[in-house]
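Note sheet for the following structure.
Residue numbers (my numbering): 633 to 714.
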């Protein structure tokens, strides 16, 4: 399933450091980060994931960056134009 996560980031330096460290270790089987975008000031980010479920992704994301952000999880259908 495809899931969008809207991150409101309270500590950008720690958020992106934790995300980078987790990325270097590798994601568990069944999880794939498809797209990551962020605002110029790094206070917000939107990520698109493939994951087994919203709850499974919530558990993963919160364990990595939950201390540095408030996160909203939305199951979506991806349509790429162009």
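C-beta: ideal position from N, C-alpha, C; glycine also.
For the pair of segments examined, the stretch 639 to 651 was found to touch the stretch 697 to 710: the number of CB pairs separated by less than 8 Å reaches three. Here the alpha carbon of residue 662 sits roughly 6 Å from the alpha carbon of residue 684. Sequence-distant Cβ neighbours of residue 636 in its own chain, meaning closer than 6 Å and more than five residues away, are 680, 706 and 708. Less than 8 Å separates the beta-carbon of residue 639 from that of residue 703.
The C-alpha of residue 677 is placed about 10 Å away from the C-alpha of residue 701.
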